[in-house]
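Each remark here refers to the structure printed beneath this line.
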Amino acid sequence: MPARPTAPTCLVGWPPRAGLWRRPSVPERWPFDYAVVRVVPRIERGEYLNAGVILYCRSRRFLAARIQLDLARLHALAPACDGADVLAHLNVIPLICRGGRGTGPIGALPQPDRWHWLVAPRSTVIQPAPTHGGLSADPAMDLERLAARYLQE
1 MPARPTAPTC LVGWPPRAGL WRRPSVPERW PFDYAVVRVV PRIERGEYLN AGVILYCRSR
61 RFLAARIQLD LARLHALAPA CDGADVLAHL NVIPLICRGG RGTGPIGALP QPDRWHWLVA
121 PRSTVIQPAP THGGLSADPA MDLERLAARY LQE
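In this text, residue positions in the sequence shown follow this note's numbering: the first is 1, and each later residue adds one.
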């Protein structure tokens, strides 16, 4: 009687396969842009204070801002500058980000247009810094992270 043929591999020695082969689960990340909002009380001197952060994530339809102005530092930098007036103007930025009724003609624009209006270069006391980009799984969390980085000095 001839010998039984053997299999080319030994199935007994192979570990059992665990389900389907899949890539590891990685949270989806979306591109975003952000800009730091600066207060430049005396433009000719080029000195400024960081006073806010605006973050825009088009893929998630997210546009929001965090504002925080250190009035004591502003007064030390420019004693003649009216900090309450500057803060009142800064506090309009989150309203424009939110958009909708009661936010004026700029707030009525589509979200991408509001973003571009907010970060357009200007030569006023309140100026946006150049924009930067990144990838985010949670734009709201990244806005808080950026605010902590740039506004907590």
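Idealized CB from N, CA, C, for every residue including glycine.
Helix, strand or coil at residue i according to DSSP, with G and I counted as helix
i	result
L69	coil
G133	strand
L109	coil
V39	strand
D82	coil
Range covered by the beta strand (DSSP E) that runs through residue i
i	result
D142	It is not in any beta strand (DSSP E) - D142 instead sits in the alpha helix (DSSP H) that spans 139 to 151.
C57	49 to 57
P128	126 to 128
Exposure of residue i, with buried meaning 16 or more beta-carbon neighbours within 10 Å
i	result
S25	exposed
A51	buried
P139	buried
L135	exposed
Between the CA atoms of residue j and residue i - distance to the nearest angstrom
i	j	result
I126	A35	12 Å
L184	A72	Absent from the model: residue 184. The displayed extent of the chain is 1 to 153, so no value can be given.
H75	A64	27 Å
C57	P79	37 Å
I106	R38	20 Å
D33	A88	25 Å
R145	E44	31 Å
Whether residue i touches residue j by CB criterion (8 Å)
i	j	result
L77	P41	yes
T131	V119	yes
L143	R61	no
R29	A147	no
I96	R122	no
L90	L109	no
For residue i, the first and last residue of its enclosing alpha helix (DSSP H)
i	result
P94	92 to 98
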